[in-house]
Structure formats: C-alpha cells, structure tokens
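In the numbering used here, each number is its position in the sequence shown, counted from 1, plus 10.
Idealized CB from N, CA, C, for every residue including glycine.
Notes follow the structure.
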Amino acid sequence: MPSNNKNIRKSVSNTPNQHQVKAKKHLGQHFLNDELIAEKIADTLTLNNYNTVLEIGPGMGVLTKYLLKKEVTTHVIEIDTESVAYLQANYLNLASRIIEKDFLKYDLNEVFKGESFAIIGNFPYNISTQIVFKTLEMRDQIPEFSGMFQKEVAQRICSKEGSKVYGILSVLTQAYYEAEYLFTVPPSVFNPPPKVESGVLRLTRKADYSLPCDDALFFKVVKTAFQQRRKTLRNSLKTFNLSDSLREDSIFDKRPEQLNVQQFIQLTQLIDKDM
Numbered sequence: 011m012p013s014n015n016k017n018i019r020k021s022v023s024n025t026p027n028q029h030q031v032k033a034k035k036h037l038g039q040h041f042l043n044d045e046l047i048a049e050k051i052a053d054t055l056t057l058n059n060y061n062t063v064l065e066i067g068p069g070m071g072v073l074t075k076y077l078l079k080k081e082v083t084t085h086v087i088e089i090d091t092e093s094v095a096y097l098q099a100n101y102l103n104l105a106s107r108i109i110e111k112d113f114l115k116y117d118l119n120e121v122f123k124g125e126s127f128a129i130i131g132n133f134p135y136n137i138s139t140q141i142v143f144k145t146l147e148m149r150d151q152i153p154e155f156s157g158m159f160q161k162e163v164a165q166r167i168c169s170k171e172g173s174k175v176y177g178i179l180s181v182l183t184q185a186y187y188e189a190e191y192l193f194t195v196p197p198s199v200f201n202p203p204p205k206v207e208s209g210v211l212r213l214t215r216k217a218d219y220s221l222p223c224d225d226a227l228f229f230k231v232v233k234t235a236f237q238q239r240r241k242t243l244r245n246s247l248k249t250f251n252l253s254d255s256l257r258e259d260s261i262f263d264k265r266p267e268q269l270n271v272q273q274f275i276q277l278t279q280l281i282d283k284d285m
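Given below as structure tokens:
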C-alpha cells in the first residue's frame, strides 16, 4: 500500500497533458494534491435522492476525476479561466458541463432547470460561508452538500448549542440539514499550503425541512440575536419592539447560544404572533 500511495501522489505533481495551473491568491485557491484525500471527499456523497452533482472550484480536477467515476452526472463551476482551459484540455468528457461563472452570482437554474443536485468542493475559504448561504436559499433543490472548509468554519456549522462557536451559521444550516463533521485535512496536502487545517463536512437535507414558522422572520431573529451574543435575548432583540408581556417569557432570559434550533423556531413563532 505505501508504494501505491507514493505513485499516486507522484502522478498528481507530474500531470502529463498540460502545465500546472498557478494558484491565485485573490481567488483563495489552495489546490489539493493528495489523491487519497480527494477520493475520500468524493466518497462522502451518498448519491441518495439526486442524479446530478455540481463541484464548485474544481481547479485541476483532482476531486473531479473521482466524481466522474460515479453513477451521477457531474457538472463543475469555475471562475478561473486558466483552470477552465486546463479542465477542457484534460477532461474532454466533461467539457460540455464546465460552467465558467461565479457560483455566487450565477443563476444555477440556467443549467439545472429546477432539478435536484448535490454540491461538493474544496471551497475557497474567503467565500465558503457565502456558498452555504446560497445553498440554504436553494435548499429545495439541494438534498446533499459535502465539502472542505477551513476547519473552524466546518466545526462552527456542525456545532450544537452551548458551544462557543455555535452561531448564525450553525442554527440556519441545522434548521434544514443534518450536519456532520467528517474528518480533518492537514495543510501539507495543498499547494500552496494554507496556514490552517481544513475540515470536511456533509449536510443532508432533513426529510421534513419546511419550518413551522416564517422562514424570513426566522433568519432575521437568528441573525439579530447573535449580533449581540453576550446579551440576553431580551436585550439583543429590542429592535423587534416586542410587547412587555412577551418580553416576560422566560425564553428571553437566555443568551442566543443557549437555544437549540427548535427553540429558535418557537421564539420566531412567539415573535410573529406578537407583531
């Protein structure tokens, strides 16, 4: 086995068809160069309830090649023109499914036409939370989401109430998805190596992910509460101009990190009735 690993890693650093793409700092690029980890990330997909996968930021395709082996249709979205040219030259069977756009700005239904698809990727740290928020906006179409983040961000998404890192991202994501922290990835397997560890997680959409409250108000309550996370909800939610009788409810004695997702839903219901 060790000799196979060595050969695999050697094949990554000596690509036969095209020159290596240079990582661009302004795009937050850190190219994964460990085939074993790439395959492990690809295998985090369960392939349940969808036939299509979208990889964000494929770079030179180290993860892509393992996705292409699976019984799903793989699309990739990449903003870096040099990476796009590399993929077009080296992955001919993928060429028609390369989307040269900015994931955060592009209307994905120009390609997916309302169908379900999973998301996967080695996400640039600088836009990773925005990727999650866009996924939440498209939750009706995204039953599964798997990928690599800065370790602290991945832990934050998966953390439970009472944790110091539990916050807006934790509550909003876990309202609709089951979040699992899967494994940690060291800086040494990237080029260039980042200054921090990475973490891989999987989000699986809940069987019943429709909230029994107004979604927009739920988002607003959660975000407002955590803007002053050290204060009790009675103080952090003052801008809602709640009635004195509601403010006497014991839930307002708590700080936001003490509430689980279900309690935030109940809080939203209370506020909605009071407005």
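Name the one or two DSSP bridge partners that residue i has.
| i | result |
| --- | --- |
| Y191 | L211 |
| A128 | V63 |
| L114 | DSSP, once it has assigned bridges, lists no residue as partnering L114. |
| V94 | Bridge partners of V94: none, in fact. |
| N201 | F41 |
| I108 | V86 |
Given a cut-off of 8 Å, decide if residue j and residue i are closer than it, judged by their beta-carbon atoms.
| i | j | result |
| --- | --- | --- |
| V181 | Q165 | no |
| L243 | P222 | no |
| Q151 | E190 | no |
| A105 | Y76 | no |
| V142 | L118 | no |
| Q273 | I261 | yes |
| D284 | L256 | yes |
| T183 | V163 | no |
| S161 | E207 | For the record, residue 161 in the displayed sequence is Lys; it is not Ser. Closer than 8 Å, so yes. |
| T234 | S156 | no |
Output the distance between the C-alpha atoms of residue i and residue j, rounded to the nearest integer angstrom.
| i | j | result |
| --- | --- | --- |
| M70 | A48 | 12 Å |
| Q276 | Q238 | 20 Å |
| E45 | V210 | 15 Å |
| G172 | E154 | 26 Å |
| Y96 | K115 | 23 Å |
| Q268 | N245 | 15 Å |
| I18 | V72 | The predicted model places I18 with a pLDDT of 36, which falls under 50 and marks its position as unreliable; any figure quoted below should be read in that light. About 11 Å. |
| E81 | N61 | 8 Å |
| D282 | N270 | 18 Å |
| L57 | K264 | 40 Å |
| T83 | E120 | 16 Å |
| P26 | N100 | Its pLDDT being 40, under 50, P26 is placed unreliably by the model, and the measurement read from it follows with that caveat. Distance between the alpha carbons of P26 and N100: 9 Å. |
| E92 | R149 | 31 Å |
| N59 | I130 | 15 Å |
| L42 | T214 | 24 Å |
| L280 | S169 | 25 Å |
| K50 | T145 | 22 Å |
| D90 | L252 | 48 Å |
| E258 | T249 | 16 Å |
| F228 | V94 | 39 Å |
Can you give the beta carbon distance from residue i to residue j, rounded, assuming they're within the 8 Å contact cut?
| i | j | result |
| --- | --- | --- |
| A128 | V231 | That pair is no contact at about 29 Å. |
| I109 | H85 | 6 Å |
| M158 | V195 | 6 Å |
| D218 | T278 | Actually they are not in contact, since the Cβ atoms of D218 and T278 sit about 17 Å apart, beyond 8 Å. |
| K111 | I87 | 6 Å |
I'd like the span of the alpha helix (DSSP H) that includes residue i, first residue to last.
| i | result |
| --- | --- |
| Q276 | V271 to D284 |
| I51 | E45 to A52 |
| F228 | D225 to Q237 |
| R244 | L243 to S246 |
| F143 | S138 to E147 |
| S180 | I178 to Y186 |
| N103 | Looking at the DSSP string, N103 is not in any alpha helix (DSSP H), and its letter there is neither H nor E. |
| N119 | N119 to F122 |
| R257 | D254 to R257 |
| K170 | Taken as a continuous stretch (DSSP letters only), K170 belongs to no alpha helix (DSSP H), as it is neither H nor E. |
| T74 | T74 to L77 |
Beta strand (DSSP E) containing residue i: first to last residue?
| i | result |
| --- | --- |
| F155 | E154 to Q160 |
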